[in-house]
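So the sequences go chain by chain: A and B. The opening position of the first sequence corresponds to residue 653 in the numbering used here, with each subsequent residue numbered one higher. The opening position of the second sequence corresponds to residue 10 in the numbering used here, with each subsequent residue numbered one higher. Glycine included, C-beta positions come from ideal geometry on N, C-alpha and C.
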Amino acid sequence: MKPVRLTGRAALSLTRGIGAVTLFVARGLFRLRPFYARAFGAQLVQIGWLSLPVVGLTALFTGAALALQIHSGGARFQASDVVPAIVAIGMVRELGPVLGGLMVAARVASSIAAEIGTMKVTEQIDALVTLSTDPMRWLVTPRLWAAMLTVPLLVGVGDIIGIAGGWLVGTQSLGFNSVAYLANSAAYLERWDVVSGLLKGAVFGLIVAVCGCWFGLRSDRGAAGVGRATKSAVVAAAVGILAANFVLTGLFFE
Amino acid sequence: MIQIAGLHKSFGAKPVLAGVDLAVGQGESLCVIGQSGTGKSVLLKCILGLTAPDAGQILWQGKPLDAATRPAFLARFGMLFQGAALFDSLTVWQNVAFRLRQRMPDRQARAIAIEKLARVGLGPETADLMPAELSGGMAKRAGLARAIADDPAVIFFDEPTTGLDPIRARRINGLIRGIVTETGATAITITHDMASVRTIGDRVALLQDGRIAWDGPVSRMDHAAPLAGFLGNTLPL
Ligand SMILES: Nc1ncnc2c1ncn2[C@@H]1O[C@H](COP(=O)(O)OP(=O)(O)OP(=O)(O)O)[C@@H](O)[C@H]1O
Ligand SMILES: [Mg+2]
Chain A
653 MKPVRLTGRA ALSLTRGIGA VTLFVARGLF RLRPFYARAF GAQLVQIGWL SLPVVGLTAL
713 FTGAALALQI HSGGARFQAS DVVPAIVAIG MVRELGPVLG GLMVAARVAS SIAAEIGTMK
773 VTEQIDALVT LSTDPMRWLV TPRLWAAMLT VPLLVGVGDI IGIAGGWLVG TQSLGFNSVA
833 YLANSAAYLE RWDVVSGLLK GAVFGLIVAV CGCWFGLRSD RGAAGVGRAT KSAVVAAAVG
893 ILAANFVLTG LFFE
Chain B
10 MIQIAGLHKS FGAKPVLAGV DLAVGQGESL CVIGQSGTGK SVLLKCILGL TAPDAGQILW
70 QGKPLDAATR PAFLARFGML FQGAALFDSL TVWQNVAFRL RQRMPDRQAR AIAIEKLARV
130 GLGPETADLM PAELSGGMAK RAGLARAIAD DPAVIFFDEP TTGLDPIRAR RINGLIRGIV
190 TETGATAITI THDMASVRTI GDRVALLQDG RIAWDGPVSR MDHAAPLAGF LGNTLPL
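Here it is as structure tokens:
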């Protein structure tokens with residue numbers, strides 16, 4: 653009896669949790685009136701623009717390392733000239749969105765959770781309510797939309813920088829001709845490769861912002877409470893991105 | 010103006026409010042006192058709609074305060090939080106003018122904000138500071154300026170002097186009394202500090218064991234037996 657009951661209870665609470673998060677996302681995304689444009693603009697800068705260096709560096713080194721790997725690995729079956737194509741496809745379809753998303757999770761989910769958690773603990777959220785302002789609309793909506801719109805852009809820039817990283821290694825140390833490298837990259841890259849990666853970016857951005865806001869708003873009292881909320885937000889965002897990536901890859905390419 | 014009738018609220022098995030009855034008239038200044046953990050903040054959260062009571066009613070101008078009527082109530086409402094609760098991401102004047110900026114141009118809102126800052130004794134040079142740059146006492150004043158910025162009809166003060174030294178506490182009490190008298194606003198103050206009660210209050214209510222144990226004019230509180238334990242609770246001067 654007991655295992656049955658426990659499983660039942662776990663299933664119930666899981667269902668309830670999924671329901672609560674779904675409702676939270678729906679409320680955060682679609683209740684747009686009033687829309688706080690200033691808060692949205694600030695978040696575009698915070699989430700998008702200021703993440704550019706981290707995402708760019710990540711893409712640069714990943715593209716460069718990928719080129720080295722494919723070159724040496726491909727040599728085993730006389731295929732080291734596929735480096736440009738594999739680097740491009742690998743960056744655009746998989747590594748650009750996933751690693752970019754993870755870096756944004758580290759940077760943005762943590763700062764959103766810490767900021768909102770601190771606001772909760774210091775009664776700033778209550779203060780918003782007394783000033784006739786809905787915390788969902790003022791805090792959550794701008795962050796969800798800003799993340800969902802800017803992370804694909806970050807991924808797009810990361811794709812370019814990643815391919816450039818591969819090209820640098822390819823031309824500087826692997827002996828590729830510069831023009832041939834770029835032509836080869838472009839020749840095998842399809843539009844859907846790029847678009848699917850950008851779509852992944854949008855989903856990952858949403859996951860990051862939702863985790864930051866959700867855990868921030870549920871932060872316990874005190875500095876320790878904010879610390880726990882921040883940690884949970886980053887872990888949940890990272891795991892969420894990897895799981896979503898698996899599901900989306902299956903959906904897009906199977 | 011505000012009437013509370015039979016308010017109940019429990020957390021789990023623990024009753025916090027067990028039938029609170031309380032009324033505040035137009036322009037009256039009521040102080041609610043009570044030991045730590047008796048539910049003063051919970052009472053406040055019920056009125057603001059941040060916590061749903063289990064039973065009982067809160068009336069504002071004769072109408073029950075619920076999801077439909079609360080926005081109109083909040084529009085006429087200002088509150089000073091215990092820790093000031095200024096928004097970290099906004100400057101002092103943007104905090105003070107938070108509500109004003111939603112319906113008027115920044116230039117006009119800023120002018121009003123500077124005027125309200127002056128009312129609480131902060132110069133225009135504080136307007137462009139961030140809240141993190143203010144001392145505790147200054148933050149409290151800025152919080153007070155934000156509470157009165159939109160000329161509220163009802164103002165709540167949550168422990169306005171807690172954490173301040175006696176001199177600052179006396180200044181804040183004086184400011185609050187002045188503002189309440191000047192604007193004719195209805196004021197509800199939650200406090201442990203009897204000096205606050207004497208300066209700010211017209212009436213005192215003692216919250217004890219989830220109910221109002223005593224309720225009467227400040228002038229009579231020295232002779233009220235239930236308050237005997239509290240009268241010494243004054244910050245030393
Ligand atoms: N969200 C909550 N969940 C569970 N218990 C709560 C919650 N909020 C308050 N309580 C409990 O209700 C009781 C009253 O708390 P409240 O904060 O209202 O006290 P208070 O009178 O404001 O005290 P203080 O003067 O210290 O601020 C406390 O025992 C507290 O533990
Ligand atoms: Mg309290």
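Among the options, which residue has its Cα nearest to the Cα of residue i?
i, options, result
"B/Asp160", "A/Leu718, A/Leu783, A/Leu754", "A/Leu783"
"A/Val847", "A/Met755, A/Leu900, A/Asp786", "A/Leu900"
"A/Gly817", "A/Leu834, A/Leu801, A/Ala689", "A/Leu834"
"B/His29", "B/Arg212, B/Gly21, B/Ile13, B/Pro62", "Just to set this straight, residue 29 of chain B is Val in the shown sequence, not His. Cα-wise, what sits closest to B/Val29 is B/Ile13."
"B/Thr78", "B/Ala233, B/Ile56, B/Pro235, B/Gly87", "B/Ile56"
"B/Glu191", "B/His232, B/Ala162, B/Gly225, B/Thr170", "B/Ala162"
"A/Ser837", "A/Arg873, A/Val773, A/Val735", "A/Val735"
"A/Ile815", "A/Ser830, A/Leu666, A/Thr802", "A/Ser830"
"A/Ile741", "A/Val707, A/Ala839, A/Gly680, A/Gly822", "A/Ala839"
"A/Ala717", "A/Gly874, A/Val697, A/Ser762, A/Ile738", "A/Ile738"
"B/Arg112", "A/Tyr688, A/Val878, A/Pro787", "A/Tyr688"
"B/Arg110", "A/Val781, A/Arg690, A/Ile893", "A/Arg690"
"A/Phe682", "A/Asn897, A/Thr882, A/Arg789, A/Leu826", "A/Arg789"
"A/Leu903", "A/Gly874, A/Gly877, A/Trp844, A/Trp819", "A/Trp844"
"B/Leu173", "B/Ser205, B/Ile157, B/Glu142, B/Ala158", "B/Ser205"
"B/Gly87", "B/Ala178, B/Pro62, B/Arg155", "B/Arg155"
Tell me which same chain residues have a C-beta within less than 7 Å of the C-beta of residue i, skipping the five on either side of it?
i, result
"B/Gly35", "Note that residue 35 of chain B is Gln in the sequence shown here, rather than Gly. Excluding residues within five positions, the ones whose Cβ falls inside 7 Å are Met10, Thr195."
"B/Ala148", "Ala93, Leu95, Pro140"
"B/Val51", "Lys18, Val25, Leu26, Thr60"
"A/Leu869", "Ile768, Lys772"
"A/Leu858", "Leu796, Ala799, Met800"
"A/Leu720", "Val821"
"B/Phe82", "Trp69, Leu74"
"A/Arg759", "Ser703, Val706"
"A/Ile929", "There is simply no residue 929 of chain A to check, as chain A begins at 653 and stops at 906 in what is shown."
Would you grab the beta carbon distance between residue i and residue j for me? Rounded to a whole angstrom, and I think it's under 8 Å.
i, j, result
"A/Glu775", "B/Phe90", "5 Å"
"B/His17", "B/Gly65", "5 Å"
"B/Gly219", "B/Pro24", "6 Å"
"A/Leu754", "A/Cys865", "The Cβ separation is near 19 Å, so there is no contact."
"B/Ala214", "B/Leu39", "6 Å"
"A/Ala885", "A/Phe905", "Incorrect: roughly 30 Å between the Cβ atoms, too far for contact."
"A/Val744", "A/Asp811", "5 Å"
"B/Ile181", "B/Val41", "That pair is no contact at about 17 Å."
"A/Val860", "A/Val756", "5 Å"
"A/Gly752", "A/Thr710", "7 Å"
"B/Gly146", "B/Arg177", "4 Å"
Should residue i be listed as close to ligand 1, given that the test is whether its C-beta is under 7 Å from any heavy atom?
i, result
"B/Phe239", "no"
"B/Ser50", "yes"
"A/Pro871", "Reading off the sequence shown, one finds Ser at residue 871 of chain A, where the question assumed Pro. Every heavy atom of ligand 1 is 7 Å or more from the Cβ of A/Ser871, so no."
"B/Thr47", "yes"
"B/Val248", "Since the displayed chain B opens at 10 and closes at 246, residue 248 of chain B lies outside it and no answer follows."
"B/Phe90", "no"
"B/Phe20", "yes"
"A/Gly753", "no"
"B/Gly43", "yes"
Grab me the residues of residue i's own chain with a C-beta within less than 8 Å of its C-beta, minus the 5 sequence neighbours each way, in chain order.
i, result
"B/Pro245", "Legend: pLDDT at B/Pro245 = 45, less than 50; position of this residue unreliable, value from coordinates given subsequently. Excluding residues within five positions, the ones whose Cβ falls inside 8 Å are Pro175."
"B/Glu260", "Nothing can be reported for residue 260 of chain B, as the shown portion of chain B is limited to 10 through 246."
Is any heavy atom of ligand 2 found at a distance shorter than 7 Å from the C-beta of residue i?
i, result
"B/Ser205", "no"
Spatial neighbours of residue i within its chain, please: CB distance less than 6 Å, with the 5 preceding and 5 following residues excluded, ordered by chain position.
i, result
"A/Val656", "none"
"B/Val101", "Thr135, Ala136, Leu138, Ala151"
"B/Glu142", "none"
"A/Cys863", "Ala761, Ala885, Ala888, Ala889"
Checklist line | Cβ pair count under 8 Å reaching 3, the region 183 to 197 of chain B against the region 58 to 74 of chain B | finding: no
Margin query: Counting beta carbon pairs with one atom in the region 696 to 708 of chain A and one in the region 802 to 815 of chain A, are three or more of them shorter than 8 Å?
Written below: yes
Next item on the list: For the region 786 to 800 of chain A and the region 114 to 134 of chain B, state whether three or more C-beta atom pairs, one from each stretch, are separated by less than 8 Å.
Entry: no
Notebook entry, point to check: Three or more beta-carbon pairs under 8 Å between the region 763 to 775 of chain A and the region 725 to 736 of chain A, yes or no?
Noted result: no
Margin query: Would the region 748 to 757 of chain A count as touching the region 837 to 854 of chain A if we require 3 or more Cβ pairs under 8 Å?
Written below: yes
Margin query: If contact is defined by three or more beta carbon pairs under 8 Å, each pair taking one atom from either stretch, is the region 120 to 133 of chain B in contact with the region 100 to 108 of chain B?
Written below: Enough Cβ pairs lie closer than 8 Å, so yes.
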